[in-house]
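This report concerns only the one structure given below.
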Amino acid sequence: MTKIKLKRLKVKEQISTDVLKVFALVEKTTMTSVMMMLVFFFMNKVSLMNGFFGWEVLSGLIGYLAVATKKMYYDEALSELIINSEVDRDVLMRAMLSIGYSEKKVDVYLSKKLFSFFFYCKSEAIAYTPQRGATVFTGPYDKLLKLSRVYNEFT
Numbered sequence: 504m505t506k507i508k509l510k511r512l513k514v515k516e517q518i519s520t521d522v523l524k525v526f527a528l529v530e531k532t533t534m535t536s537v538m539m540m541l542v543f544f545f546m547n548k549v550s551l552m553n554g555f556f557g558w559e560v561l562s563g564l565i566g567y568l569a570v571a572t573k574k575m576y577y578d579e580a581l582s583e584l585i586i587n588s589e590v591d592r593d594v595l596m597r598a599m600l601s602i603g604y605s606e607k608k609v610d611v612y613l614s615k616k617l618f619s620f621f622f623y624c625k626s627e628a629i630a631y632t633p634q635r636g637a638t639v640f641t642g643p644y645d646k647l648l649k650l651s652r653v654y655n656e657f658t
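Here the sequence shown stands for residues 504 to 658, where the numbers follow this note's numbering.
Below, the structure is given as structure tokens:
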């Protein structure tokens, strides 16, 4: 029987491995604050509000930052999936396509939906590393969890 082990890295290890993920969080937060300010400005222009209230933008931004940080560093945390058997390349390709990933480089799979508009983060790609008698995948936790479920269905 194939043994599958999925390990989520700690936040400190994630930041040291992928510094660009911090910049992606800052980028997303900045874009969200600009969009929220535009919405409140539009609401002020069409007389839905009596004035521009900065506290609403700030409270919405704090809520967004909490949700985005949890998503990036917990749900999509850089993780390691170890499968104690060799993985067939055809099964791997079908499993990757079913979770929305495609091979961009040799043994590196990327999703169409990225953290950042400007750059790729290491932790959003799934890297495939065959070893003696085992296979190691590194990538986002939720995608590796889906990959392990899909792999079990295909085998």
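All C-beta atoms in this analysis are idealised placements derived from N, C-alpha and C, irrespective of residue type, glycine included.
Margin query: Between which two residues does the alpha helix (DSSP H) holding Ala571 run?
Written below: Per DSSP, Ala571 belongs to the alpha helix (DSSP H) from Gly557 to Lys573.
Next item on the list: Take Ala580 as the anchor and find which of Ile507, Ser519 and Tyr604 has the nearest alpha-carbon.
Entry: Of the listed residues, the one whose Cα sits closest to Ala580 is Ser519.
Notebook entry, point to check: Using DSSP with H/G/I as helix, E/B as strand and the rest coil, what is Ala637?
Noted result: DSSP, reduced to helix, strand and coil, places Ala637 within a strand of the structure shown.
Checklist line | Under the three-state DSSP convention, the category Leu654 falls into | finding: The identity of residue 654 in the sequence shown is Tyr, whereas the question assumes Leu. DSSP, read as helix, strand or coil, puts Tyr654 in helix.
Check: According to DSSP, is Glu606 helix, strand or coil?
Finding: In the displayed model, Glu606 falls within a strand according to three-state DSSP.
Margin query: Let me make sure I understand the geometry here. Which of Leu648, Leu647, Phe622 and Gln634 has the alpha-carbon closest to that of Asp521?
Written below: For the residues Leu648, Leu647, Phe622 and Gln634, the minimum Cα distance to Asp521 belongs to Phe622.
Checklist line | Same chain, Cβ closer than 8 Å to Thr632, five either side skipped, listed in chain order | finding: Cβ neighbours of Thr632 beyond the five flanking positions: Asp610, Thr638, Val639, Phe640 and Thr641.
Next item on the list: Classify Leu509 as helix, strand or coil using the three-state DSSP reduction.
Entry: Three-state result, Leu509: strand.
Check: If we call anything under 9 Å between Cβ atoms a contact, is Val653 one with Ser588?
Finding: Remark: C-beta atoms of Val653 and Ser588 do not approach each other more closely than 9 Å.
Checklist line | Endpoints, the alpha helix (DSSP H) within which Ile514 is located | finding: Per the sequence presented here, residue 514 reads as Val, with Ile not at that position. Its alpha helix (DSSP H) spans residues Val514 to Thr520.
Next item on the list: With distances taken Cα to Cα, identify the nearest neighbour of Lys573 among Lys513, Ser651 and Thr505.
Entry: Here the closest residue by C-alpha is Lys513.
Check: Would DSSP call Tyr576 helix, strand or coil?
Finding: Tyr576: helix per DSSP, three-state reduction.
Item checked: Cβ neighbours of Gly636 in the same chain (closer than 8 Å, five flanking residues each side left out) -> Taken in chain order, the residues that qualify are Asn587, Ser588 and Glu589.
Next item on the list: Measure from the C-beta of Ile565 to each C-beta in chain C and report whether the shortest distance is under 9 Å.
Entry: The structure shown contains no chain C; it is built from a single protein chain.
Notebook entry, point to check: Going by Cα to Cα distance, which pick from Val525, Met552, Gly563 and Lys646 is closest to Asp578?
Noted result: When each option's Cα is compared against that of Asp578, the closest is Lys646.
Margin query: Taking 8 Å as the limit between beta carbons, can you name the residues of its chain near Gln517, skipping five residues before and five after?
Written below: Lys524, Tyr576, Ala580, Leu581 and Ser626, listed in sequence order.
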